[in-house]
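The numbering of the sequence shown is my numbering, which starts it at 2 and goes up by one. Right, one structure below, let's go through it.
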Amino acid sequence: MHHPARPRFATTRLLAGLLCTALLPASAFVVHAASPAPATGARAMVVSPHALATEAGIEVLKDGGNAVDAAVAAAFTLGVAQPQSMGIGGGLFLLIRLADGRAFAIDARETAPAAASEDMYQVEGLPKDASRYGGLAVGVPGAVAGLALALETHGVMSLERVLAPSIRAAEEGVALGAYQAALMRRVPAERRARFPETARVQFPEPVMADTIKRQPELGRALRRIAKRGPRAFYEGEMAEAIARAARAAGGVLSVEDLAAYQPRLREPLRGTFRNLEVLSFPPPSSGGVTLLEILKVVEGFDLRGMGAGSSEAIHAIAEAMKLAFADRALHLGDPDFASIPVEALLDADYAAKLRARIGPRAAQVEGSGYAVPDGGTAHLSVVDAAGNAVALTGTINTTFGSFVTVPGWGILLNNQMDDFVADPDGVNLYGLAGRRDSANRVAPGKRPLSSMAPTVVLEDGALRFVAGSNGGPRIITAVLLTLLNYFEWDMDIMEAVSAPRFHHQWRPDRILLEGAHAADVESALRARGHEVKRVDELITGVEAIARDPLTGRLYGAPDPRRDGLARGL
Numbered sequence: 002m003h004h005p006a007r008p009r010f011a012t013t014r015l016l017a018g019l020l021c022t023a024l025l026p027a028s029a030f031v032v033h034a035a036s037p038a039p040a041t042g043a044r045a046m047v048v049s050p051h052a053l054a055t056e057a058g059i060e061v062l063k064d065g066g067n068a069v070d071a072a073v074a075a076a077f078t079l080g081v082a083q084p085q086s087m088g089i090g091g092g093l094f095l096l097i098r099l100a101d102g103r104a105f106a107i108d109a110r111e112t113a114p115a116a117a118s119e120d121m122y123q124v125e126g127l128p129k130d131a132s133r134y135g136g137l138a139v140g141v142p143g144a145v146a147g148l149a150l151a152l153e154t155h156g157v158m159s160l161e162r163v164l165a166p167s168i169r170a171a172e173e174g175v176a177l178g179a180y181q182a183a184l185m186r187r188v189p190a191e192r193r194a195r196f197p198e199t200a201r202v203q204f205p206e207p208v209m210a211d212t213i214k215r216q217p218e219l220g221r222a223l224r225r226i227a228k229r230g231p232r233a234f235y236e237g238e239m240a241e242a243i244a245r246a247a248r249a250a251g252g253v254l255s256v257e258d259l260a261a262y263q264p265r266l267r268e269p270l271r272g273t274f275r276n277l278e279v280l281s282f283p284p285p286s287s288g289g290v291t292l293l294e295i296l297k298v299v300e301g302f303d304l305r306g307m308g309a310g311s312s313e314a315i316h317a318i319a320e321a322m323k324l325a326f327a328d329r330a331l332h333l334g335d336p337d338f339a340s341i342p343v344e345a346l347l348d349a350d351y352a353a354k355l356r357a358r359i360g361p362r363a364a365q366v367e368g369s370g371y372a373v374p375d376g377g378t379a380h381l382s383v384v385d386a387a388g389n390a391v392a393l394t395g396t397i398n399t400t401f402g403s404f405v406t407v408p409g410w411g412i413l414l415n416n417q418m419d420d421f422v423a424d425p426d427g428v429n430l431y432g433l434a435g436r437r438d439s440a441n442r443v444a445p446g447k448r449p450l451s452s453m454a455p456t457v458v459l460e461d462g463a464l465r466f467v468a469g470s471n472g473g474p475r476i477i478t479a480v481l482l483t484l485l486n487y488f489e490w491d492m493d494i495m496e497a498v499s500a501p502r503f504h505h506q507w508r509p510d511r512i513l514l515e516g517a518h519a520a521d522v523e524s525a526l527r528a529r530g531h532e533v534k535r536v537d538e539l540i541t542g543v544e545a546i547a548r549d550p551l552t553g554r555l556y557g558a559p560d561p562r563r564d565g566l567a568r569g570l
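If you want it as structure tokens, here you go:
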């Protein structure tokens with residue numbers, strides 16, 4: 002299977018889509034007419050949700066760095082340019098696939114403080130949003146340690162060199178993007194009032210596109226890390242300030258928690274879809290397992306024959322999503338604390354049993370919940386001239402994380418504790434249901450379950466595809482659909498990223514359908530027994546790279562839903 006990442010004219014694709022819609026009711030979506038051609042590169046490519054982060058990666062590649070150096074530089078810069086999404090107060094997963102075939106997964110996920118406990122959010126009198134906002138929502142940040150480890154083990158540049166673009170961005174300022182400004186305007190005024198330091202540091206006036214935001218205190222923190230190394234974040238003056246800020250906001254994070262933090266080097270997950278090899282992230286991410294489980298189930302369907310965007314294809318894939326997300330809720334968590342049945346969940350016979358449960362109508366499940374827009378995660382993809390590839394997803398969890406900013410250092414802290422089953426009888430901010438027997442209950446030092454899914458696809462051992470997304474649990478389905486659009490339905494990589502998406506996460510029992518899907522698709526899904534909720538967009542942001550197997554040329558696709566940029570060399 003090789004489908005070159007051939008650029009196509011958007012108008013031609015639109016006319017074809019409209020013709021299919023006219024001839025085949027309930028069997029096509031309308032592709033965005035404004036979908037541009039992908040960026041191209043003969044040797045290298047960087048794609049991220051912000052132009053400055055992409056340019057930081059390109060700068061480092063031009064200066065002799067490799068894909069890991071470029072990804073680290075872009076990640077630090079993205080933490081400055083889009084602090085509402087990721088940064089040094091959060092965590093990340095970094096998937097590295099080297100040109101020699103070796104692959105590595107660096108787990109820099111946040112951990113629960115030592116004083117955390119399973120029932121810490123069920124204390125009488127505690128605010129209902131304690132796992133989401135304020136000091137008690139803060140996990141031990143892992144981003145700095147993870148990026149430093151990646152650089153030390155697989156980079157060729159110094160930490161000081163790769164930090165230079167992010168320091169420059171913090172001190173000279175960054176213009177707010179249109180997507181970013183709109184996201185910031187949705188933050189309730191009462192939340193800004195509740196966290197005045199975050200309002201002061203993170204919300205320049207006016208909150209609109211092109212307003213320059215300067216962060217000299219964050220620049221000071223990055224300069225300290227560049228000069229003294231990652232331990233400057235986890236020990237000494239900066240660590241004391243981080244712990245003090247979390248505790249002043251009602252948390253339990255300590256300087257001992259910071260000093261004890263260590264990233265984990267894990268084995269990437271490897272699965273197959275048809276003749277492709279798919280590499281993704283292992284637990285404590287649910288992203289890789291759930292993605293590969295869905296792929297194994299839908300592999301048995303004639304998706305190509307069903308057609309992209311058809312009600313038949315959406316039904317089959319959504320039912321597979323539903324089954325895999327049910328497994329996610331029960332079985333997945335931190336492998337350092339529980340035995341995770343990854344092999345069993347990805348077994349071909351198990352996939353066949355799940356597939357057999359998918360009939361012509363929607364299967365009924367119980368449960369309720371809701372999902373919120375996610376601006377607290379970001380992804381970037383890099384491929385260098387040697388063929389090394391990096392897929393990096395970073396997060397502070399939800400938009401602006403815990404809303405706690407460290408005075409004097411400008412560091413915005415995560416609210417990753419909400420990714421645990423904080424309330425076994427309720428749901429988290431993403432509508433993901435809790436269970437008392439879940440492997441994802443709170444415990445000291447434990448990493449909360451994530452949905453991040455940095456992914457690399459190979460064909461005959463050669464690099465073909467690098468991608469990831471933001472979007473909470475919708476990360477998994479956004480990456481899945483981009484992969485299927487590209488490999489199964491022959492879209493070019495920009496079309497694959499731009500095409501309207503859908504999402505099902507078991508609970509709530511409904512399909513979220515992006516508005517660009519044809520109206521008769523929605524009615525056909527309802528006729529099959531699905532509850533359907535139409536949304537303008539799913540607030541996901543896939544940043545992808547495809548490699549043409551015949552020419553080796555690279556094609557980059559920044560998600561048009563966000564403020565990103567793809568640039569090749």
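Ideal placement from N, C-alpha and C gives every residue a C-beta, glycine not left out.
- E172 sits close to G220, with the two beta carbons spaced by under 7 Å.
- The beta carbons of Q85 and F401 sit closer together than 7 Å.
- Taking 4 residues as the minimum length, the alpha helix (DSSP H) runs contained wholly in the segment 262-307 are 288-299 and 304-307, in order along the chain.
- The C-beta of K228 has fewer than 16 other C-beta atoms within 10 Å across all chains shown, which makes the residue exposed.
- Taken atom to atom, the span from the alpha-carbon of G360 to that of L280 is near 30 Å.
- The DSSP-derived three-state label of I412 is strand.
- Counting only the Cα atoms, T456 lies some 13 Å from I107.
- When Cβ pairs closer than 8 Å are counted between the two stretches, the segment 52-62 is seen to touch the segment 76-84, the count reaching three or more.
- One alpha carbon belongs to A222, the other to I412, and they sit about 8 Å apart.
- Of the other Cβ atoms in all chains shown, fewer than 16 fall within 10 Å of the Cβ of I213; this residue is therefore exposed.
- In this structure the segment 540-554 touches the segment 469-480; the number of beta carbon pairs closer than 8 Å is three or more.
- Bridge pairing for E460: L277 and A463 [DSSP].
- Within the same chain, G174 come within 6 Å of R215 by CB-CB distance, once the 5 residues on both sides are set aside.
- Per the C-alpha coordinates, the member of L346, T273, L450 and D521 positioned closest to L485 is T273.
- A residue is called buried when at least 16 other Cβ atoms come within 10 angstroms of its Cβ; T396 meets this threshold and is buried.
- Separation of the CB atoms of A319 and L304 is rounded to 13 Å, and the pair is thereby denied contact status at 8 Å.
- Per DSSP, M121 lies in no beta strand (DSSP E) segment and is marked neither H nor E.
- Between the segment 375-393 and the segment 194-207, the count of Cβ pairs shorter than 8 Å is below three; the stretches do not touch.
- Fully contained in the segment 318-372 are the following alpha helix (DSSP H) runs of length 4 or more, in chain order: 343-346 and 349-357.
- In the DSSP assignment, V47 falls within the unbroken beta strand (DSSP E) covering M46 to S49.
- The three-state secondary structure of L393, taken from DSSP, is strand.
- Within the segment 491-570, the beta strand (DSSP E) runs of at least 3 residues that lie entirely inside it are, in chain order, 512-515, 533-536, 545-548, 555-558 and 566-569.
- CA-to-CA, the gap between K534 and G237 works out to about 50 Å.
- Residue pairing by DSSP places K447 in no beta bridge whatsoever.
- The three-state reading of DSSP puts R215 in coil, since its state is none of H, G, I, E or B.
- Here the alpha carbon of V298 sits roughly 17 Å from the alpha carbon of P342.
- Per DSSP, the continuous alpha helix (DSSP H) segment holding G80 begins and ends at A68 to A82.
- In the pairwise beta carbon analysis, the segment 133-147 is classified as not touching the segment 527-541: fewer than three pairs are separated by under 8 Å.
- The continuous beta strand (DSSP E) containing T378 extends over residues T378 to V384.
- Distance from the CA of A113 to the CA of Y556, rounded to the nearest whole angstrom, comes to 39 Å.
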